[in-house]
Amino acid sequence: MKKLLLILVPLALLVLFPTTASAQNTFSVITGNVAIPNVNIQVLNTQRGTSSDKNGDFILKTLKTDRSIGLLFSCVGYQDTLISVVPQQDTIVIRFKMMETSYMLDPATVTAEKVTYYYSKPNFVMFDFEILDDKFFILQKKTSRNGGYRVLITDMLFEPVDTIFLPKHIVPQKIILDCFNNCQIVTQDSVYQIAKYDNYEIAFPSDKNRYMSLMKNILFVTSKYMYFNELRLDGYISTFYRYNLDTKEKENLFICDDSHSFREIKRDVKFHQYYKTVDPNYRGPNDEEWENFIRHAWYHTKDCRLMQVADTLYYFDHLNKKIEAYDESMNKLHNCIITYPDSKDYWRYTIYQDRAFGTFYTILGTTLHEINIQTGKTTPKTHVNNFFSQKIIIYKGILYSLKKKTESFTSEIPFIEKTNLK
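For the sequence shown, the positions run 44 to 465 when the working numbering is used.
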């Protein structure tokens with residue numbers, strides 16, 4: 044079993060106790076000290092979080108519940124710490140000292156100041172965006188009682204180019220860029236493509252369930268092939284294959300089998316079920332909560348990635364710690380051993396690709412690293428917290444991140460943060 048991520052922190056380091064507070068009927072206030080500044084504190088599986096101040100103090104407000112929640116404490120150069128609490132009291136106090144990692148990342152450098160763009164106007168609030176053809180497609184909701192939505196289209200300097208006002212019956216959930224390089228607006232039951240005629244319009248509506256079933260496994264399309272990734276065992280087995288667009292023949296390419304981790308999860312849940320029967324005073328999480336926790340904390344799959352730059356395929360084989368490059372005739376061009384740290388807790392093996400330049404990045408701890416696909420090494424570029432980001436897009440050497448600024452416990456302002464990586 045992998046390490047417990049300091050859930051059982053020594054009593055000398057961790058003090059966890061409830062205190063009373065007045066006028067707290069719905070929320071529980073979690074406060075404390077972690078001894079160092081700029082520690083990110085995230086409520087797992089939510090967008091709620093905060094960070095410690097210069098003295099290491101923090102305060103976080105969360106809804107009261109009788110179920111345990113996970114608090115992830117993370118900071119570059121320190122071990123990720125996961126603490127489970129049950130926010131039933133008005134106030135919970137947590138005090139411990141963050142522990143340094145066994146390896147240290149090189150200091151991250153930011154080559155340009157971060158610039159914030161607020162696209163929440165008095166009448167509209169932003170909640171999603173996409174980038175296509177050097178333009179931003181910003182999804183906004185009208186704040187008036189009658190409501191309504193629009194897509195604001197701007198250039199790369201955020202100067203308005205066009206606006207699409209959506210009909211009243213269209214209630215968008217998000218905006219995506221599909222494998223055919225089309226911007227799509229996703230609603231509860233339909234998907235609408237943004238098309239360019241004399242002006243930008245929405246067109247070609249399709250059933251959401253049918254669209255998702257057809258598109259969910261498609262990775263990308265070239266002039267000769269359509270590439271797919273089929274997931275089994277909740278993603279612990281990935282099969283990469285492609286269809287020849289001329290002959291319609293299917294060709295299997297790679298298989299990533301991390302079923303060992305999947306079986307470990309099942310064994311751990313079975314032991315958890317047994318433990319509850321022998322401990323009459325058990326007050327911990329239920330089976331579903333425990334399985335969800337260990338999936339995120341211990342056994343997240345080392346999923347592989349197949350990506351494309353021009354006519355070259357790059358296979359990030361995280362299970363075997365290597366990167367392989369092929370042409371479309373499947374001739375191996377080169378390969379290298381992955382030398383960037385893969386033991387960092389809560390690294391999801393996620394690869395980000397610059398849509399224009401084709402460079403690759405990953406997030407280790409709270410630092411975005413550029414991956415050298417010739418050597419497997421990484422170079423730190425900037426601090427970034429993907430737990431606090433609604434969406435991350437890298438385009439032409441610039442990182443765009445959709446975040447929310449908390450004005451109060453009931454008010455959040457979305458914004459796009461721009462960071463130059465060049």
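Note that the Cβ used here is the ideal one computed from N, Cα and C, for glycine as well. Since this is a predicted model, take the numbers as computed values, not measurements.
Strand pairing of residue i, partner residues [DSSP]
| i | result |
| --- | --- |
| cysteine 379 | Ile366 |
| lysine 125 | Before going further, note that residue 125 is leucine rather than lysine in the sequence given. DSSP output for leucine 125 lists Leu115 as bridge partner(s). |
| lysine 185 | Phe167 |
| glutamine 227 | Ile219 and Gln236 |
| aspartate 300 | Ile280 |
| glutamate 371 | In DSSP, glutamate 371 forms no bridge with anything. |
| methionine 350 | Tyr357 |
| aspartate 176 | Answer by DSSP bridge pairing: none, since aspartate 176 is not bridged. |
| glutamate 143 | Tyr121 |
| glutamate 294 | Arg285 |
| threonine 320 | Bridge partners of threonine 320: none, in fact. |
| arginine 275 | Ile280 |
| leucine 195 | Ile181 and Thr206 |
| leucine 106 | Phe70 |
| asparagine 83 | Ser94 and Ser117 |
| threonine 462 | Leu442 |
| aspartate 250 | Ser233 |
Supposed close pair residue i, residue j - CB separation, criterion 8 Å
| i | j | result |
| --- | --- | --- |
| phenylalanine 70 | isoleucine 84 | Phenylalanine 70 to isoleucine 84, Cβ: 16 Å. No contact. |
| leucine 106 | histidine 339 | About 20 Å separates the two Cβ atoms, so there is no contact after all. |
| glycine 75 | valine 136 | 5 Å |
| threonine 265 | glutamate 371 | 7 Å |
| phenylalanine 201 | phenylalanine 179 | 7 Å |
| threonine 327 | serine 187 | A quick correction: the sequence has glycine, not threonine, at residue 327. In fact, because the Cβ distance is near 46 Å, the residues do not count as touching under 8 Å. |
| proline 80 | lysine 104 | Going by Cβ atoms, the distance from proline 80 to lysine 104 rounds to 20 Å, so no, they are not a contact pair. |
Close beta carbons around residue i, own chain, < 6 Å, minus the five adjacent residues each side
| i | result |
| --- | --- |
| tyrosine 438 | Ile174, Arg398 and Ala399 |
| aspartate 177 | Met199 |
| cysteine 299 | Ser281, Cys347 and Leu362 |
| tyrosine 474 | The chain is shown only over 44 to 465; residue 474 falls outside these bounds and no answer can be derived. |
| glycine 401 | Val352 |
| lysine 464 | The question names lysine, yet the displayed sequence has leucine at residue 464. The residues are Lys424, Gly440 and Leu442. |
| valine 234 | Gln227, Ser249, Lys251 and Tyr254 |
| threonine 152 | Note on threonine 152: pLDDT 44, under 50, position unreliable in the model; no value is reported. |
| aspartate 171 | Leu182, Lys217 and Ile218 |
| tyrosine 395 | Tyr404 and Ile437 |
| isoleucine 126 | Leu114 |
| alanine 238 | Glu244 and Ala246 |
| glutamine 417 | none |
Own chain residues within Cβ distance below 7 Å of residue i, not counting five before or after
| i | result |
| --- | --- |
| threonine 108 | Pro130 |
| leucine 288 | Lys267, Tyr268 and Met269 |
| aspartate 205 | Ile196, Asn242 and Tyr243 |
| serine 304 | Tyr279, Tyr342 and Thr344 |
| lysine 211 | Gly191 |
| isoleucine 380 | Lys364, Lys365 and Gly419 |
| leucine 220 | Glu173, Leu175 and Cys226 |
| isoleucine 337 | Ile308 and Asp311 |
| serine 293 | Note that residue 293 corresponds to lysine in the displayed sequence, not to serine. If we look at lysine 293 and ignore the five residues flanking it on each side, its Cβ neighbours are Tyr284 and Tyr286. |
| alanine 78 | Gly99, Lys140 and Met141 |
Own chain partners of residue i with C-beta closer than 8 Å, once the 5 adjacent residues on each side are dropped
| i | result |
| --- | --- |
| leucine 349 | Leu262, Tyr270, Asn272, Phe283, Leu296, Phe297, Leu356, Tyr357, Tyr358 and Phe359 |
| proline 150 | Confidence at proline 150 is low in this model, with a pLDDT of 42, below 50, so the placement of that residue should be treated as unreliable; the coordinate-derived value is given next. Excluding residues within five positions, the ones whose Cβ falls inside 8 Å are Pro423. |
| valine 82 | Ser94, Ser95, Gly99, Phe101, Phe116, Ser117, Cys118, Tyr121 and Met141 |
| glutamine 231 | Val214, Gln216 and Lys251 |
| tyrosine 383 | Thr405, Leu407, His412, Ile414, Gly419, Lys420 and Thr421 |
| serine 302 | Leu276, Tyr279 and Ile280 |
| proline 203 | Leu195, Ile196 and Thr197 |
Cutoff 8 Å: residue i Cβ touching any chain D Cβ
| i | result |
| --- | --- |
| threonine 69 | You won't find chain D in this structure, because it holds only one protein chain. |
Residue i Cβ short of 7 Å to the ligand NAD heavy atom set
| i | result |
| --- | --- |
| serine 117 | Judged by which ligands are present, the structure shown has none, so any question about the ligand NAD falls away. |
Touching or not, the segment 327-341 and the segment 365-383, by the rule of three or more beta carbon pairs under 8 Å?
-> No: fewer than three Cβ pairs fall under 8 Å.
Enumerated in chain order, which unbroken segments of the beta strand (DSSP E) with a length of 3 residues or greater are wholly contained in the segment 401-447?
-> The qualifying runs are 403-407, 410-414, 421-426 and 434-438.
Kindly confirm or deny that the segment 222-232 and the segment 300-319 touch, where touching means at least three C-beta pairs closer than 8 Å.
-> By the C-beta criterion, the segment 222-232 is judged not to be in contact with the segment 300-319, since fewer than 3 inter-stretch pairs fall below 8 Å.
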